[in-house]
Structures are given as structure tokens and as C-alpha cells.
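Residue numbers (mature numbering (1 follows the signal peptide of the UniProt record, and there is no 0)): -21 to -1, 1 to 187.
C-beta atoms are modelled at their ideal positions from N, C-alpha and C, and glycine is treated no differently.
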Ligand SMILES: *[C@@H]1O[C@H](CO)[C@@H](O)[C@H](O)[C@H]1NC(C)=O
Ligand SMILES: *[C@@H]1O[C@H](CO)[C@@H](O)[C@H](O)[C@H]1NC(C)=O
Ligand SMILES: *[C@@H]1O[C@H](CO)[C@@H](O)[C@H](O)[C@H]1NC(C)=O
């Protein structure tokens, strides 16, 4: 019986979150992602999806200034996703298919973030579908931002601001290990001095 109630509670919590979850069916024109940094080795480089298993890609830092056609991304939005007139949505990339299916020559992947409790660096990757995607957008300078809302955890934020959505710019380029491979990837600093000393703060700009 206890288990039953617990499950219901969990379902209630999950469905409350699900009400907020929505699809992002409108797609922007394609663009490249270029990094801006005070580190000259990173400044001007592009972000490139690299293989990390058949259905996972990493957003790797590529020390090239001229991107390849396959490094094109999209912003998928919905009619209702905007903050102060700026459209928000998810970062999308098309994984090419060997054989077209249902008339599509690709599968749509989107950016997710992964964090563990003992690091303040969240890693990013591209996986299939829109579920659990990072909410993002581009400001009037075409800079990539992350959307989050002030929560009770923020402590010093006035109570009337709680739940207000804001843009955040805490992108990093960090060297991380995934299984036995080493990647230098786009990552996110959740706050404070990065626990990973290889991280460099960056901004990510879209270029049509
Ligand atoms: C990065 O930003 C700085 C300061 O705004 C600017 O001077 C520099 O040209 C930018 N680099 C690129 C590649 O956009
Ligand atoms: C993004 O939008 C395109 C065009 O509507 C759609 O085909 C694709 O499935 C969407 N991607 C995701 C991850 O929702
Ligand atoms: C990124 O852009 C934001 C918003 O313009 C700015 O506040 C921040 O200092 C920039 N960060 C870096 C690393 O250039």
C-alpha cells in the first residue's frame, strides 16, 4: 500500500513537470556555432558534433575557423516559448541516416545537459528526440543562452522573482573523459570556480 501511494506521488510530481514539457516543432534556418573566448586558442573556433556511440554525439570544440556543412544546427521553438519577446527552444542537429525512412534522410537530435552532484561542470551531448532537452535561445547579439527560472534554492532572490525565467551565459570549454576517450567539449558551469581545471569560459554565437 505504501508503495502504491509513493508511486502515485511520484506520478503526480512527474506529470506536474510533464504539463510544462512541450514540443518544439518550428525550426529555424541552419546556423553554425562559433566560440568567443579570451583564450586565443579557442576564440573563433567552431562547435562540431563528434561521434560518441551510434546515438550520442558530443559538442566538440574544433580548432577550425571554417565549419563543415554537417556542423549546422537549428533552433526548434514552439508558439509559446519566449521570454521578453525572445524565442526560446532547443538546440537541434540532424543525424544523417544511411537509408531514408518515412521520407526523412535524418533523425533529429537535441542538446541535453548532464550533471553529477560532485562537480559544478555539466557536460552536454546530442541525443535523439526532444525529451529532457536543455532550454536555450539566442539573444539580440546572437549569443546562446540557457533558460532557467529562479527557484527557492537561490536564497537571496526576492520572493516575487521566484519562477521568473532568466537568460544565463555560463558556457565553458572543458576536457572531460567519457569511457576511455578524452573530449574537449562544450560544457556548463553551474556556479563558482570550475571543479575541472581545464575549463575555459566561452560564449557561443550563432552564425547564419
Ligand atoms: C570575442 O569577443 C571580443 C570582445 O567582445 C571581440 O573583440 C572578439 O572579436 C570576439 N571574437 C570573435 C571570434 O567573435
Ligand atoms: C525540430 O523541428 C523539425 C521540423 O518541424 C522536426 O522535424 C524535428 O523532429 C524537431 N526536432 C525535435 C528534436 O523535436
Ligand atoms: C558572455 O556574454 C554575456 C552576455 O553578453 C556576458 O555577460 C559574459 O561576460 C560573456 N562571457 C564571456 C566568457 O565572454
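Put simply, the backbone Cα of residue 13 is about 33 Å away from that of residue 136. When rounded, the separation of the alpha-carbon atoms in residue 55 and residue 106 is 15 Å. A direct Cα-Cα distance of roughly 7 Å separates residue 35 from residue 104. Looking at 99, 40 and 121, the one whose alpha-carbon comes closest to that of residue 53 is 121. Bounds of the beta strand (DSSP E) holding residue 185 are 182 to 186.
The three-state secondary structure of residue 73, taken from DSSP, is strand. Taking 7 Å as the cut-off, one finds at least one heavy atom of ligand 2 near enough to the beta carbon of residue 55. Around the Cβ of residue 70, a 10 Å sphere holds 16 or more other Cβ atoms; the residue is buried. At the C-beta level, residue 174 and residue 98 come within 8 Å of one another. For residue 39, the enclosing beta strand (DSSP E) stretches over residues 35 to 41. The alpha carbon of residue 128 has as its nearest neighbour, out of 10, 43 and 139, the alpha carbon of 139. Assigned with DSSP and collapsed to three states, residue 49 falls in helix.
In this structure, residue 27 and residue 50 form a Cβ contact; the two beta carbons are roughly 5 Å apart against a cut-off of 8 Å. With a cutoff of 8 Å on beta-carbon distance, residue 76 and residue 63 are scored as not near each other. One alpha carbon belongs to residue 176, the other to residue 44, and they sit about 25 Å apart. Distances from the CB of residue 180 to the heavy atoms of ligand 3 include at least one below 7 Å. Measuring C-alpha to C-alpha distances from residue 57 to each of 25, 163, 158 and 114 identifies 114 as the nearest. Per DSSP, residue 31 is not a residue of any beta strand (DSSP E), being assigned neither H nor E. Taking 7 Å as the cut-off, the C-beta of residue 148 counts as close to a heavy atom of ligand 3.
The Cβ atoms of residue 187 and residue 5 lie no closer than 8 Å to each other. When C-alpha distances from residue 89 are compared across 83, 108 and 59, the shortest belongs to 108. Residue pairing for residue 62: DSSP places it in a beta bridge opposite 65.
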